[in-house]
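K.L.:
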């Protein structure tokens, strides 16, 4: 029985990984198209219908390019760092529940790779280890722009990881569990407030935490307006200035996978994941995640970039105190048992 | 069971190799990578021991924060300031040997006293399950039995943080900057000597020009003729800098 | 009143004596860098992200335009002026052509002067649009650049309609315009004037009240007015500090004294003020263009054909022997203005663009000096960069509004 | 309809002559001329008026004092340094070889003025950097292009040409238009071919 579960889990993981990679490729297409529409442009429209084959063409192009290692690079680290970044990115999706258990061929197939009882912490841990890909890549390039990008990235990820973690504590207090399954189950209950029947989504009970999570998640994935580690107008390309070919694409893909994983996570934690008004299922999760992905693109099209000191000031002087305040409030509410929230 | 043991040995081996790498590597960044490797394997060993919470916290705190900071500082330090790794340093070698032997003796004594398996504590699988998972159990123990120790540790860490900030002296940067600014401004013929007193605040006198709210809480002045604002610039809040 | 009478004490030393200490990092920004607007190179000494010292290195686009000017006949040099500040070519043409006309003592007919003003103001808008787009892009606002370039296309279409070229227009000629204005051009320009204020509002919606934009630009790169004057800054860099010096107002050339417009002045002298000033300048340019269109005569000569320094009318070249002869000599040998030297300045989109021409009475200028505004303005970068962060440097380079073709000449 | 047979060289009254942008065109009435002549009787050499432009020529050693006087005198206040450049007078006169040309502008009075001084090879012109910060790059450019040394300049090095440029100063009149030698790109054996052909017309 143990073996069977393991194999099922592997198969689900394998399917998920491939779906994620495909999604990621189309995420680039989606971003380029949406960004283009926002900027009065057309976007990629030549390769296939609506430019749908563009990601494949890009992938082939990147794979065919020369893999250049700079002369004064730390060779081994330089070669390994992008792989690290890329390999760690999709792991976060393993704990996200994509639906209820499926009965197929007489086997119970849970639509989730692994139900870890510390799932939330696991995702945070992955985020904090994922930064190594950036730091080591930046360091090993032997380029000052890369070094500066790596330094920025380190400080940024450490600061915003803190905010990210603390913003989730409110949710954890309310749900009383670190498992995403439990958090999801908790949100699938409905909330009766007099004549209103609302879903018990945590965005309703934890709006501040949601906002903090959203901001910190954008910073954690190095996206605009927090894309300082790769700020192309200041640092050329930041930590991956010296990378080319498929190693460059690894960084690129890792960023998009991170975006998708964070969007899925946000949807699961705050918007009730697969829970929907009718016919619960993975499609609801997809719609919610798509909303977050669109939000990412929207931010990039609209906002200028922060300066480094402003970024750190925002994290430590504004977001962190707010997160602590949120924890204190939630704790008090929970302690006194006010409301059914 | 056999699989678990095999995995354990594998993880332990890699952890030890990583630890060796920390000592052996010449490049401090490589040392840090070795340390991360070691930490990650130790975390995996925790997982085998079904201490998921501990494992994840190990990764977040040690691999994700402490070593990242170590790497950060190493990257900031100029290569010339790093200690020299070449040549013999008898004092260092002696110190290292003594400390290493002491640690070895300590571990050996512990193993000899309690055996390799150690003494089982009050928390067994059943008691943990009764409480509701090891995360909960850990929390209960930490915040009831060891409350005082936790608070003391927190206090100590706070003191250390304040001490570190005091030692790092943020004004050191500004001093250096001020010095550099002096050099730079002098060399580029600063039009106003740095030590000269600033001019008195002069708010724009409405002459013929009209003041327009341009946005961002900032007015701009629209000059109608060529003669206004030539003697007296439309310049307010002099010291806004 | 600012006391300019006191000499300022300065001690002089060598810039290169600043050697980086161990904690500092020397960063070569450029000449190949996304936000140095071409091939500017800035040698930065950084401590962490704070800029300790900043030394702009220029000359990567030096083509010796002044030397070339001393080997071309007067009329031949007009296309070269396009290549100095290539985003505002008609203004460069205008400055040079006016300097030559001053040297010769001739003046273009009224109608041509109005059209020169219209083209110069359109150029100012086009140049400011390029500036706004790239400046916002440097600070990270991606979409503004696309919007500004979209609207710049409209101006380039007008240029194309007018003279056939879009970027290096070679539009002005000595003495006026030798070709008739296309009949539907005035309507095209009017259409643009009706549309463009909406576009400015669009840019302002994205930037003016944006908190990140304010945080990135307010209080950054402050230049006090007397410092700005002492550096010899002109254009928006000087007016952003509140000093009213606009060549169009101070020393009206063409027919600017007949036009009612205002000169925007900043009150704080930082990056944000220069942004506001330039946005307002675009509005004022629209005002000027509309007035010009109202005032310009629909008929009348476009070229000062009564002077011997001007190329004869094309129709007469084909029909009369005298003009054919003159045309031949004008083209082959050029014309010889009187001996003397002139300096004529126009208000370019980036500041005061001056042409200093020394004539020895031969058809080739003896000395041709281009006083380009951005070359002088760029000098203030180290002053503005004191204590700035690395990210501010790109904002500062953007706010000076440089085009390296004009800086290096 | 035919054009007039002979055209006047220059109109009798040029519209450029009466702008007063450079002050009164009569040198005797020009305040700068009068005051400089009073204050520096030895250094003042001549005044030239062409169109509306007033040029004062002063002796080389006094350039900085004169400019500073023009800047600080309450009646003059030429506080904006517009330009510093030079002219190689090799074909126009014997000595001195160069003219250093300083364009000044008074923001409060809205008037321009040009100050000139002659300088020969091997002589030094007093730098204006101590009084105008903006003179820094302009003088560097003069040095770069003409080889004129400015005494007291803090940082006199080449600005537009590479720092290791060893072929002299290109805006001198004896510097050939195409340089002294062919430029060989590093890594290539022969110089890039100079294109000397005629323009080709597209075929029918």
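Residue numbers (the working numbering), protein chains in the order written: chain G, 1271 to 1611; chain A, 1389 to 1629; chain Z, 963 to 1371; chain Y, 1061 to 1264. For each residue, glycine too, the CB sits at the ideal point set by N, CA and C. Quick caveat, the model's predicted, so the values are computed rather than measured.
Measure the Cβ-Cβ separation of residue 1617(A) and residue 1206(Z) and say whether it is below 7 Å.
P.N.:
Going by C-beta atoms, residue 1617(A) is nearer than 7 Å to residue 1206(Z).
K.L.:
Can you find a C-beta in chain A that's less than 7 Å from the C-beta of residue 1168(Y)?
P.N.:
yes
K.L.:
Going by DSSP, which residues form a beta bridge with residue 1176(Y)?
P.N.:
Paired residues: 1117(Y) and 1161(Y).
K.L.:
Name the chain A residues whose beta carbon is nearer than 9 Å to that of residue 1387(G)?
P.N.:
1440, 1441, 1521, 1522 and 1523
K.L.:
Considering only DSSP beta bridges, list what residue 990(Z) is partnered with.
P.N.:
1005(Z)
K.L.:
Specify, as a first and last residue, the run of the beta strand (DSSP E) that residue 1110(Y) falls within.
P.N.:
Where residue 1110(Y) is concerned, the enclosing beta strand (DSSP E) starts and stops at 1104–1110.
K.L.:
Leaving out five residues on either side along the sequence, give the residues of the same chain with a beta carbon under 8 Å from the beta carbon of residue 1455(A).
P.N.:
Cβ within range, chain order: 1420, 1423, 1424 and 1427.
K.L.:
Take residue 1459(A) and list the residues in its own chain whose beta-carbon comes closer than 8 Å to its own, dropping the five residues that flank it on each side.
P.N.:
1417 and 1420
K.L.:
Using the C-alpha atoms, what's the distance from residue 1594(G) back to residue 1549(A)?
P.N.:
In a straight line, the C-alpha of residue 1549(A) is about 18 Å away from that of residue 1594(G).
K.L.:
By how many angstroms is the C-alpha of residue 1304(Z) removed from the C-alpha of residue 1610(A)?
P.N.:
32 Å
K.L.:
With residue 1427(A) as the anchor, note down where its beta strand (DSSP E) starts and where it stops.
P.N.:
Not the beta strand (DSSP E): residue 1427(A) falls in the alpha helix (DSSP H), residues 1416–1436.
K.L.:
Interface residues of chain Z around residue 1608(A) at Cβ under 8 Å?
P.N.:
The CB of residue 1608(A) comes closer than 8 Å to the CB of 1226, 1227, 1228, 1229, 1235, 1238, 1239 and 1242 in chain Z, given here in chain order.
K.L.:
Please report the Cβ distance between residue 1388(G) and residue 1444(A), rounded to the nearest whole angstrom; I am assuming they are in contact, meaning their Cβ atoms lie under 8 Å.
P.N.:
5 Å
K.L.:
Only counting the same chain, and skipping five residues up and downstream in sequence, which positions put a Cβ closer than 7 Å to that of residue 1572(A)?
P.N.:
In this predicted model, residue 1572(A) has a pLDDT of only 46, less than 50, meaning its place in the structure is not dependable; the value taken from the coordinates is given anyway. So the list is empty, once near-sequence residues are dropped.
K.L.:
So which residues on chain Z does residue 1622(A) lean against when the C-beta distance must stay under 7 Å?
P.N.:
1204, 1227 and 1229
K.L.:
Using a Cβ-Cβ cut-off of 7 Å, state whether residue 1239(Y) counts as contacting chain Z.
P.N.:
Not an interface residue.
K.L.:
Give a yes or no on whether the minimum CB-CB distance between residue 1535(A) and chain G is below 7 Å.
P.N.:
With 7 Å as the cut-off, residue 1535(A) does not count as an interface residue toward chain G.
K.L.:
Using the beta-carbon of each residue, which ones in chain Z are nearer than 7 Å to residue 1075(Y)?
P.N.:
1069
K.L.:
Alpha carbon to alpha carbon, what distance is there between residue 1228(Y) and residue 1182(Y)?
P.N.:
Spanning the two alpha carbons is a distance of roughly 14 Å.
K.L.:
Expressed to the nearest angstrom, what Euclidean distance is found between the alpha-carbon atoms of residue 1190(Y) and residue 1214(Y)?
P.N.:
If you draw a straight line from the Cα of residue 1190(Y) to the Cα of residue 1214(Y), it is about 9 Å long.
K.L.:
Is the Cβ of residue 1427(A) closer than 7 Å to any Cβ of chain G?
P.N.:
no
K.L.:
Under the three-state reduction of DSSP, which class applies to residue 1141(Y): helix, strand or coil?
P.N.:
Three-state result, residue 1141(Y): strand.
K.L.:
Whether or not the region 1288–1301 of chain Z and the region 1166–1185 of chain Z are in contact is what I'm after, with contact meaning three or more pairs of Cβ atoms, one per stretch, closer than 8 Å; do they touch?
P.N.:
no
K.L.:
Between residue 1405(G) and chain A, is there a C-beta pair that is closer than 7 Å?
P.N.:
yes
K.L.:
Please look up how many angstroms separate the CB atoms of residue 1450(G) and residue 1294(G), rounded, as I've assumed it's under 8 Å.
P.N.:
Between residue 1450(G) and residue 1294(G) the beta-carbon gap is near 21 Å, outside 8 Å, which marks them as no contact.
K.L.:
With burial defined as no fewer than 16 other Cβ atoms inside 10 Å of the residue's Cβ, what is the status of residue 1589(A): buried or exposed?
P.N.:
Low confidence applies here, because residue 1589(A) scores a pLDDT of 42, under 50, leaving its location unreliable; read the following figure in that light. Counting Cβ neighbours within 10 Å, residue 1589(A) comes out exposed, since fewer than 16 surround it.
K.L.:
Using a C-beta cutoff of 7 Å, does residue 1503(G) count as contacting chain Z?
P.N.:
yes
K.L.:
Can you name the residues that DSSP bridges to residue 1600(A)?
P.N.:
1608(A)
K.L.:
Compute every distance between the C-beta of residue 1598(A) and the non-hydrogen atoms of the ligand NAP, then say whether any falls below 6 Å.
P.N.:
You won't find the ligand NAP in this model; it holds no ligand whatsoever.
K.L.:
Determine the direct distance from the alpha carbon of residue 1120(Y) to that of residue 1186(Y), and round the result to whole angstroms.
P.N.:
8 Å
K.L.:
Considering residue 1320(Z), what are the terminal residues of the beta strand (DSSP E) in which it resides?
P.N.:
Looking at the DSSP string, the run of the beta strand (DSSP E) that includes residue 1320(Z) is 1313–1321.
K.L.:
If you drop the 5 nearest sequence neighbours on each side, which residues of the same chain put their C-beta closer than 8 Å to that of residue 1313(Z)?
P.N.:
1195, 1196, 1197, 1198, 1199, 1200, 1335, 1336, 1338 and 1339
K.L.:
Would you say residue 1122(Y) lies against chain Z (beta-carbon separation less than 7 Å)?
P.N.:
Chain Z contact via Cβ: absent.
K.L.:
Nearest chain Z C-beta to residue 1402(G) closer than 7 Å, yes or no?
P.N.:
No, residue 1402(G) does not count as interfacial toward chain Z.
K.L.:
Using beta-carbon positions only, say whether residue 1087(Y) and residue 1118(Y) come within less than 7 Å of one another.
P.N.:
No. Outside cutoff.
K.L.:
Would you kindly report the start and end of the unbroken beta strand (DSSP E) that includes residue 1308(Z)?
P.N.:
1302–1310
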